[in-house]
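Position 96, counted from 1, in the sequence shown is what UniProt numbering calls 96; the numbers after and before it change by one each time, with no gaps.
Where a beta carbon is used, it is the ideal one built from N, C-alpha and C, also for glycine.
Small disclaimer: the values here were computed from a predicted structure and weren't measured.
Take a look at the structure set out below.
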Amino acid sequence: MDGLASGKGDNNSAVTSSQVLSQSHALSTSSPSSERSQPTIQTVHTSNSISMAVTNNAAVIASKMGSPSSAPQPVSVLDRRRIEELVKEVDSLEQMDDDVEDMLMQIADDFIDNVVSAACQLAKHRKSNTVEVKDVQMHLERCWNMWIPGFGSEELKPYKKSATTEAHKQRLSLIKKTLKKY
């Protein structure tokens, strides 16, 4: 697997595949299998950016920081407290079962794994050993119809005005005629 660049495509913030594999191997050998089954997210604060690292048995996404002085503490991607906060934003009286919370956490983890795998495949297709923001963006835009604010693409997307068909124009003119009668 490859790494994810946290910047706008600069090579300084990308991680090579050998670094990712070595980090993944270190994580998988240092913790018991029951702890490895849950993907976690690590946030690394740097002077230039904040990078997120998703770690799983086979994938580690991280930002290159030169020589890290201390390892960041793993944090869950989506914990129960955050799920409860999101639900209260929608409906303050709603109560969820533990099974529902577990399912939502699993869906979030599966989504992240899916996006990471697809971004790695796009980077491989570009014949690159690093995953860049544009790889993640392309997958999210094409497959999930999602645009992440703050990470705009290089080109401005023109607004596509839907084409008006001749049949639609005829229906509109018929409606206008009937409205003029009254």
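Span of the alpha helix (DSSP H) around residue i
{"i": "Trp147", "result": "Looking at the DSSP string, Trp147 is not in any alpha helix (DSSP H), and its letter there is neither H nor E."}
{"i": "Asn114", "result": "98-125"}
{"i": "Thr130", "result": "Per DSSP, Thr130 belongs to no alpha helix (DSSP H) and is neither H nor E."}
{"i": "Ala167", "result": "166-181"}
{"i": "Lys88", "result": "80-90"}
Nonlocal neighbours in the same chain, by C-beta distance under 7 angstroms from residue i, ignoring five residues either side
{"i": "Asp135", "result": "Ala119, Leu122, Ala123"}
{"i": "Leu140", "result": "Val115, Met146, Ile148"}
{"i": "Val87", "result": "Glu94, Met96"}
{"i": "Pro32", "result": "Because Pro32 carries a pLDDT of 40, less than 50, the predicted location of this residue cannot be relied on, and the following value inherits that uncertainty. So no residue of the chain qualifies."}
Closest Cα partner of residue i within the set the options
{"i": "Asp98", "options": "Glu84, Leu172, Glu166", "result": "Glu84"}
{"i": "Ala108", "options": "Lys177, Arg171, Arg80", "result": "Arg80"}
{"i": "Cys143", "options": "Lys180, Arg171, Ser117", "result": "Ser117"}
Other residues of its chain near residue i: CB distance less than 6 angstroms, five sequence neighbours each side excluded
{"i": "Gln19", "result": "Note that Gln19 has pLDDT 42, beneath the 50 cutoff, so the model's placement of it is unreliable and no number is given."}
{"i": "Glu101", "result": "Arg80, Ile83"}
{"i": "Met103", "result": "none"}
{"i": "Thr165", "result": "none"}
Expected contact under 8 angstroms - CB spacing of residue i and residue j to nearest Å
{"i": "Val77", "j": "Ile112", "result": "6 angstroms"}
Local Cβ density within 10 Å of residue i, reported as buried at 16 or more and exposed below that
{"i": "Val133", "result": "buried"}
{"i": "Met105", "result": "buried"}
Residue-level contact to chain C via CB, residue i, 8 angstroms cutoff
{"i": "Cys120", "result": "Going by chain labels, chain C is absent from the structure shown, which holds only one protein chain."}
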